[in-house]
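Residue numbers (the UniProt record's numbering), protein chains in the order written: chain X, 1 to 385; chain H, 1 to 350.
Glycine included, each C-beta is placed from N, C-alpha and C at the ideal position.
On a predicted model such as this, the values are computed, not experimentally measured, just so you know.
Below you'll find the structure, written out as structure tokens, and then a few comments.
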Amino acid sequence: MLSSPFHFPSYHVPPETEGLREEVREFLAEMSSHWSGWDIGHSWTGFNREFSREVGKRGWIGMAWSKAYGGHERSVVERYVVVEEMLAAGAPVGAHWVADRQSGPLILRHGNEAQKQTLLPRIARGEAAFCIGLSEPDSGSDLASLRARAEKVSDGWLLNGRKIWTTYARECDFMIGLFRSSGSPEQKQKGLSQFLIDLTVPGIEINPIRDLTGESHFNEIVFDNVLLPEDSLVGEEGNGWAQVNAELAYERSGPDRYLSSYPLLPAAIDALNENTMDRLSARAVGLAFTDITVLREMSLSILNQLGEGKTPLQEAAVTKLLGTELEQDMPELVRSLLDCSPSIDPHHTLSHMQGYLTQSVPSFSLRGGTNEIMRGIIARGLGLR
Amino acid sequence: MTDATDLPIGEMLADQLQRLLARAVDAKRLTAIEEGAPITELWQEIEALGVTLALASNDIGADLGWQNCLPMLRTLGWHGAPVPLAESLLASQVLAAAGMDIPAGALAVSHVAFTLDGDNCVSGSDGLVSWLPHCSHLVGVAVRNKQKFLFVVSTTDLPSQPVDSFARIPAAAITLQAQAVAQCAPVAESTDLLASMALLRAAVISGILDRILSLTIEYANTRQQFGRPIGKFQAIQHHVAELAMQSAAAQAGVIFGCQQMDVGNSVSGAAIAKVRASVAATAAASAAHQVFGAIGVTEEHELQLLTRRLWQWRGEAGSDHFWAETLGREVIAAGSHNLWPRITDAQLRA
Ligand SMILES: Cc1cc2nc3c(=O)[nH]c(=O)nc-3n(C[C@H](O)[C@H](O)[C@H](O)COP(=O)(O)OP(=O)(O)OC[C@H]3O[C@@H](n4cnc5c(N)ncnc54)[C@H](O)[C@@H]3O)c2cc1C
Chain X
1 MLSSPFHFPS YHVPPETEGL REEVREFLAE MSSHWSGWDI GHSWTGFNRE
51 FSREVGKRGW IGMAWSKAYG GHERSVVERY VVVEEMLAAG APVGAHWVAD
101 RQSGPLILRH GNEAQKQTLL PRIARGEAAF CIGLSEPDSG SDLASLRARA
151 EKVSDGWLLN GRKIWTTYAR ECDFMIGLFR SSGSPEQKQK GLSQFLIDLT
201 VPGIEINPIR DLTGESHFNE IVFDNVLLPE DSLVGEEGNG WAQVNAELAY
251 ERSGPDRYLS SYPLLPAAID ALNENTMDRL SARAVGLAFT DITVLREMSL
301 SILNQLGEGK TPLQEAAVTK LLGTELEQDM PELVRSLLDC SPSIDPHHTL
351 SHMQGYLTQS VPSFSLRGGT NEIMRGIIAR GLGLR
Chain H
1 MTDATDLPIG EMLADQLQRL LARAVDAKRL TAIEEGAPIT ELWQEIEALG
51 VTLALASNDI GADLGWQNCL PMLRTLGWHG APVPLAESLL ASQVLAAAGM
101 DIPAGALAVS HVAFTLDGDN CVSGSDGLVS WLPHCSHLVG VAVRNKQKFL
151 FVVSTTDLPS QPVDSFARIP AAAITLQAQA VAQCAPVAES TDLLASMALL
201 RAAVISGILD RILSLTIEYA NTRQQFGRPI GKFQAIQHHV AELAMQSAAA
251 QAGVIFGCQQ MDVGNSVSGA AIAKVRASVA ATAAASAAHQ VFGAIGVTEE
301 HELQLLTRRL WQWRGEAGSD HFWAETLGRE VIAAGSHNLW PRITDAQLRA
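Here is the structure:
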């Protein structure tokens, strides 16, 4: 064998998208005037319905979906341009992020006609926020061991069990949840199904969990005999695991996997220009610049491969790992460049951002599959057993 | 083996080179070359393939561009780069572009700045020119009155001293004092042998990483300890994953560098490729050696033939530290508002 197990043919954003990029930049310049460093540090986990509605108005949610469902029939690259501009600016995209990236495309692919008609246009307007119900108290990395059940009853599905770490469950309108619709937890991947859950139906109790930053993004959810209508099943019964996995190449290779702490870098450059810049600082900045540039190349290459109908799962896994490592290192880079004080100063953008990100980067290598799990996936993909 | 006729031109050349090197080069041959064995025969075979002029234009060569040459460079790396093909590709490219003759034999390249006097004699020194003892001529750039000239000197009576290096490839330090040139001609200000060499080294590193990854996977699946292949241990799997990540990033970096070179952004593209590939080289060498245990650090094992080359080429033509500093200074001086546009700039992608 003479070849790499990975393929990253270069793909370039077509110059025709530059107009769109400019529009997004102008919009963000206008919107960002009152964002604090703390807000910017939240990146795609900043939840702001008003902002999402503004984004929806401009046609920047569900961009690649069919117009029949409220989409805009633009290309996936155009979506990429919008999304990367939003992340580079640290825009609070959280209220539409999950739906635009994951839940909407899932409904488009596997949903029934009624789900598509009612939900997709609302998502595209920035008016329907989604959360993801996978993890459970006893099922984290070993997700396939999950226990929450969906039982088929005469008038629909009856849900029982617990979900945990569900980001923005209290703020969201809907959840796409993975439940066991047949068999036992020992049967793992078999018998799992995805459900569309209106979070206002009776029997759902959502308890916020405060995190180390003092905020409560994620939640524990108790399902106590929650009755869902029959047509809440998304896709095929028992096919939930495959459906969840099919989305992973998208989820793992997008700009959200390497830009989550990007806004620290320009802020650090400002600070370096105010102070003295030495050789080692220049090297560290040059290295971060290189990493971001190369990760963007990898991410765009995967985007294009997906568009060609390929499934670059291994490429996506290495990109996520490299990307989360970069994101995670960023506050430490800032600390080493500027030796900043451990105070968190709300009047100083960089300090405020650094304050938030220092405390939130540990999550980056947990969410979306831990780095250990990702490394295992890569090794197995390479033929280690 | 793939059917060569179905492949794009770059892959086809790489495929031909691969067949030749697979037949002609093994660990024994590489070691012999390190110890000074001649490469003449091997070089003649490579010339006969017609690949040495792949980058050259002006009706002399194939003018294939950097992206098309990349598969060949990675193949060269895979086989431990036993010949100065990368240097000769570059030398013939710049010579052809300057309308100069391409001398016969393997060519060495020096990327330091020399000076040219009124009698077309060159002065200057370079502490490390890989392959010089096996090359017929040295190609470099010299400056006279702010004008760059490309020059060719014969290696026959070049004042040089042998130099030891990590790769143990025959190399020399040269000191030219008003050395008469065989040829010289003015070239564009944009001629940058350092950047081009940096990209070539990065591309070769990426090929070495592919090879090391493949050897490491094979070893992890066969070496047994505690009654099972070591690849079953998660700690080993994680080293292999690290190696894989680094090889993937190096690959993406050099593809970017070649693409940038083809659209004329030579320096920034080469810098990014060289930084990423060199960083990868360091991390990958550690991970691979850890997986191989003691056997991997023996002279008899082929791993060291590859890792020593990684340590060599990460440092040649500007190390990762050199290029990261260059990039960092530019990026910082340009100011924070230019950072993101620089990353996304459409003009970079003409
Ligand atoms: C900020 C944040 C937001 C989140 N949002 C959501 C959400 O919206 N919806 C949702 O469903 N989930 C969400 N999660 C949960 C996330 O998916 C899980 O944290 C993740 O899957 C890991 O599970 P765990 O936390 O139970 O850790 P565990 O699985 O208990 O892992 C603990 C440690 O053991 C390691 N480990 C476990 N198994 C192995 C193994 N086989 N080999 C080697 N090491 C192993 C892990 O890598 C980790 O280091 C969120 C998590 C965070 C931090």
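- For Gln246/H, the Cβ stays outside the 7 Å cut-off from all heavy atoms of ligand 1.
- Taking a 10 Å sphere around the C-beta of Gly309/X, we find fewer than 16 other C-beta atoms and assign the residue as exposed.
- In the three-state scheme derived from DSSP, where H, G and I count as helix and E and B as strand, Met175/X is classed as strand.
- Taking one beta carbon from each stretch, the stretch 339–349 of chain X and the stretch 114–125 of chain X have fewer than 3 pairs nearer than 8 Å; the two do not touch.
- Here Gly307/X is exposed: its Cβ has fewer than 16 other Cβ atoms, across all protein chains shown, within 10 Å.
- For Glu189/H, no CB of chain X lies under 8 Å from its own CB, so it is not counted at the interface with that chain.
- The residue from Leu116/H, Pro82/H and Ala180/H with its alpha-carbon nearest to that of His134/H is Pro82/H.
- Look at Asp345/X: its C-beta is not under 8 Å from any C-beta on chain H.
- The alpha-carbon of Gly203/X is positioned some 38 Å away from that of Glu73/X.
- Contiguous alpha helix (DSSP H) elements confined to the stretch 134–186 of chain X do not occur, taking only those with 4 or more residues.
- Among the residues facing chain H, Ala379/X is included, as its CB has a counterpart in that chain under 8 Å away.
- The straight-line gap separating the alpha-carbon atoms of Thr222/H and His321/H is approximately 37 Å.
- If you draw a straight line from the Cα of Phe51/X to the Cα of Leu259/X, it is about 20 Å long.
- Per the DSSP secondary-structure output, Leu28/X pairs with nothing in a beta bridge.
- With a beta-carbon spacing of about 7 Å, Gly368/X and Arg252/X fall inside the 8 Å limit used to define contacts.
- For Ile343/H, the closest alpha carbon among the candidates Gly269/H, Gln290/H and Met245/H is that of Gly269/H.
- Under the three-state reduction of DSSP output, Cys131/X falls in the strand class.
- When C-alpha distances from Ile332/H are compared across Val93/X, Asp329/X and Leu337/X, the shortest belongs to Leu337/X.
- The Cβ-Cβ distance between Ile164/X and Glu136/X falls below 8 Å.
- Using a Cβ distance threshold of 8 Å, Gly257/H and Leu176/H do not count as a contacting pair.
- Across the stretch 248–263 of chain H, CB contacts with chain X closer than 7 Å involve Ala248, Ala249, Gln251, Ala252, Gly253, Ile255, Phe256 and Gln259, in sequence order along the chain.
- Between the stretch 95–108 of chain X and the stretch 144–161 of chain X, the count of C-beta pairs closer than 8 Å stays below three; the two stretches do not touch.
- The beta carbon of Thr213/X does not come within 8 Å of any beta carbon belonging to chain H, so the residue lies off that interface.
- Note: Asn219/X is bridge-paired with Pro208/X in the DSSP secondary-structure output.
- Going by DSSP, Leu150/H is part of the beta strand (DSSP E) stretching over Gln147 to Ser154.
- Contacts between Gly328/H and chain X, judged by CB atoms closer than 8 Å, involve Ser281, Ala282, Arg283, Ala284, Val285, Gly286, Leu287 and Phe289 in chain order.
- For Ser184/X, the closest alpha carbon among the candidates Glu327/X, Ala150/X and Thr45/X is that of Ala150/X.
- For Glu325/H, the neighbours in chain X by C-beta distance under 8 Å run, in chain order, Arg279, Ala282, Arg283 and Gly286.
- Counted as a single uninterrupted DSSP element, the alpha helix (DSSP H) harbouring Asp329/X occupies residues Leu313 to Leu338.
- With contacts defined as CB atoms closer than 8 Å, Gly77/H and Ile205/H qualify as a contacting pair.
- From the beta-carbon of Gly335/H, the residues of chain X found nearer than 8 Å are Ile269, Asp270 and Asn273.
- About 11 Å separates the Cβ atoms of Leu228/X and Ser193/X, ruling out a contact at the 8 Å cut-off.
- Think of a sphere of 9 Å around the beta carbon of Gly376/X: the chain H residues whose beta carbon falls inside it are Gln234, Gln237, His238 and Ala241, in chain order.
- According to the DSSP assignment, Phe195/X belongs to the beta strand (DSSP E) that extends over Leu192 to Asp198.
- Placement of the Cβ of Thr370/X at a distance of less than 7 Å from at least one heavy atom of ligand 1 is found.
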